[in-house]
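For reference, the structure discussed in these notes is given below.
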Amino acid sequence: MMWPGFGSRPGRRWKFGESRSRPMRRRRRERMGDEVSSMVVRCEERADGAVWWVEIAREERLNAVNFEVMEALETLLDRAERCATLRVLVVGGSGRAFASGGDLQAFADLRTREDAEAMSGRMRRILERLEALACWTVARVNGDAYGGGVELMLAFDLCVVAAGAQLGLTQGRFALTPGWGGLTRLVEKVGRHRALQWLGLAAVVGAEEAQRCGLVEEVVPNEALDARVMALAESFLESDPAVWRALKVGAGRAARQERERAMAGEFEAFCDLWAAEAHWERVERFMARKKKERV
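Counting along the sequence shown from 1, when you hit position 241 you're at 222 in this note's numbering, and nothing is skipped either side.
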């Protein structure tokens, strides 16, 4: 489905998605024109449509991923996969966070293994599509990322991180393993031993340490982040798109069979743990503490 008003003119802005959660129901809506506070993803086309500058826009929830964000990302990917002019996709967060992972409030009623399979499987497919895009993809990590936010970050070709950002492998605090393919991607980036250490300890890693360990490619001062990411995007426009597409296909093919088995096992473990009593006890304690802090 083509959305009316989505053009490739330079500076074109579009936004979609809503912040009200209706678990697992497929809805597609669009509002154009003036800024609308309920929009969960914004996109600005730059460089004559060759660069898409995207923000997850749930600042009040630290850009936590709910079903509306998932739907908005699916719509974005539908559009990106068909776009002949797109060369670089940049995704960041609004406000002080990149993404804080799955939205606990939105997922609070998803208690069964079947619920976990549907939610986790949907986001896993989104990240697989993102990873397979035939263009450069850049995570503009403007602030903290936790849990699923780090899993989202790992699906990009390049991660450029603001110096003050903290990256939390914190799924273990909720008696969970990564559910969106993050365990497999983390092992690929930093190695088995470091991945086990970070996930086992629910570690929070600073930007400089993340770069030293190979988790991210660049760390820049907070105030220089946008300029650096845009400069990288412009430099990528000089590369031959056919060469880049061939490189991405080849790199994906090299590890696909082993990775598919690894991710299938990761998915099964996550779904089992999601439905377990220990996970929901941790979630309820966390929510109770947050409620008390707001009083």
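We treat Cβ as the ideally placed atom computed from N, Cα and C, and that holds for glycine.
Terminal residues of the alpha helix (DSSP H) in which residue i lies
i, result
"A212", "206 to 217"
"W261", "258 to 275"
"G181", "173 to 181"
Residue i (DSSP reduced to helix, strand or coil)
i, result
"R92", "coil"
"A45", "coil"
"T56", "helix"
"F137", "coil"
"Q192", "helix"
"R23", "strand"
"L148", "strand"
"R240", "helix"
"G246", "helix"
"W161", "coil"
"M13", "The predicted position of M13 is uncertain, since its pLDDT is 31 and thus under 50; no value can be drawn from it."
"G30", "coil"
"A61", "helix"
"A87", "coil"
"A143", "strand"
Contact under 7 Å by Cβ, residue i with residue j
i, j, result
"F115", "R226", "For clarity, residue 115 is Ala in the given sequence; the question names Phe instead. A contact, by the Cβ cut-off of 7 Å."
"N44", "G82", "no"
"A256", "R94", "yes"
"L133", "A80", "yes"
"T165", "R242", "no"
"G57", "N123", "In the sequence on display, residue 57 carries Leu and not Gly. Going by C-beta atoms, L57 is not nearer than 7 Å to N123."
"C252", "A97", "yes"
"Y127", "T151", "yes"
"E36", "R23", "yes"
"E190", "V200", "no"
"A176", "D125", "no"
Residue i: first and last residue of the uninterrupted beta strand (DSSP E) it sits in
i, result
"D125", "125 to 127"
"V277", "The requested residue 277 does not occur in the structure, where the chain is confined to residues -18 to 276."
"T118", "117 to 122"
"F79", "78 to 80"
"E40", "No beta strand (DSSP E) holds E40; DSSP gives it neither H nor E."
"L70", "69 to 74"
"G187", "185 to 187"
Span separating the alpha-carbon of residue i from that of residue j
i, j, result
"G162", "D221", "30 Å"
"E274", "A214", "41 Å"
"V210", "E258", "43 Å"
"M244", "N203", "34 Å"
"D138", "K271", "35 Å"
"E249", "R39", "29 Å"
"E112", "K229", "9 Å"
"D90", "G129", "18 Å"
"C194", "L135", "14 Å"
"V50", "V32", "21 Å"
"L54", "L196", "23 Å"
"R266", "Q86", "13 Å"
"M268", "A183", "18 Å"
"V171", "R60", "32 Å"
"R121", "A99", "28 Å"
"G246", "G102", "12 Å"
"A217", "V224", "The question names Ala, but residue 217 is Phe in the sequence shown. F217 and V224: Cα-Cα distance of roughly 12 Å."
"V186", "G153", "15 Å"
"V21", "F48", "10 Å"
Segment contact, 8 Å Cβ cut-off, at least three pairs: the stretch 143 to 156 with the stretch 105 to 120: no
Sufficient close CB pairs (3 or more, under 8 Å) joining the stretch 28 to 42 to the stretch 56 to 70: yes
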